[in-house]
Amino acid sequence: MSLHQQELEKSNGTLWLERKTFRIALLSTFTALSVVLGYMLVFLPNIELFTLMIFLSGFILGKRDGAIIGIMSSFIFVFFNPYGVSPLPLFAYQLAHYSLVGLLGGLTHSYLKKKDYFKPEEDLYVFRVILLFAIIGALVTFVYDILSTLIGALSIFGTLETFWATYIFGLPFTTIHLIGNTLGFIFILPGLIQLIYRLLDLSES
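Going by this note's numbering, the first residue of the sequence shown is number 539, and it counts up by one from there.
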């Protein structure tokens, strides 16, 4: 390996991710996985891995590609949802939300790679990493549930009173959603990051 290649590998983690065709393939793969997992769990109320996969894509591929995957995945999943297409304001919010989830994945990686306790080649099941992922998973889910309920209620009924009634009535489901996503970010996300780092021979050194 030439000196130039070694420098590239050190600064970017792997030469694979510098190849445009490979990045496009990964972008397509993450989009497909997000959509497939979304449809697989669609009939389980508020149990999903859709958010986690989009966040993971941004964590691995970066802010821009994560945002792109978030938009594409949510467009396909929401537009072809078995329960029907969301009202236009809610549809627009869902696209924006999942785009930001992908962006947040990239921002989280940029933050963690500067920390000495972030060692994906060894072990990510360390307290500070898990705590950060748990907070992100909980906040992303909480914000989505609040805003999607608000926008959905205003789009369909046009009053804030229906928002409170809808939110209170759906509280058991949003609680399941919040707990499920938080646990997913704690127990599943670190393992997937480690697996991808090993498969692609990524490195933070």
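For every residue, glycine included, the Cβ atom is placed at its ideal position computed from N, Cα and C.
The structure presented is a predicted model; accordingly, all values stated were derived computationally and were not measured.
Residue i, buried or exposed, once every other Cβ within 10 Å from all chains shown has been counted against 16
i: Phe671; result: buried
i: Leu669; result: exposed
i: Val681; result: exposed
i: Tyr631; result: buried
Secondary structure of residue i, DSSP reduced to three states
i: Asp661; result: strand
i: Gly604; result: helix
i: Asp739; result: coil
i: Phe588; result: helix
i: Pro583; result: coil
i: Pro728; result: helix
i: Tyr655; result: coil
i: Thr700; result: helix
i: Phe615; result: helix
i: Phe695; result: coil
i: Val623; result: coil
Residue i - containing alpha helix (DSSP H), residue span
i: Asn719; result: 709 to 725
i: Val639; result: 626 to 650
i: Thr577; result: Before going on, a small fix: residue 577 reads as Tyr here, not Thr. First-last of the alpha helix (DSSP H) with Tyr577: 558 to 578.
The ligand SAM heavy atom lying under 6 Å from the CB of residue i
i: Ile674; result: Of ligands this structure carries none, so the ligand SAM is not represented either.
Rounded Cβ spacing between residue i and residue j (contact assumed at less than 8 Å)
i: Phe723; j: Ile674; result: 6 Å
i: Ser624; j: Ile607; result: Ser624 to Ile607, Cβ: 19 Å. No contact.
i: Ile731; j: Phe597; result: 6 Å
i: Thr679; j: Thr589; result: 7 Å
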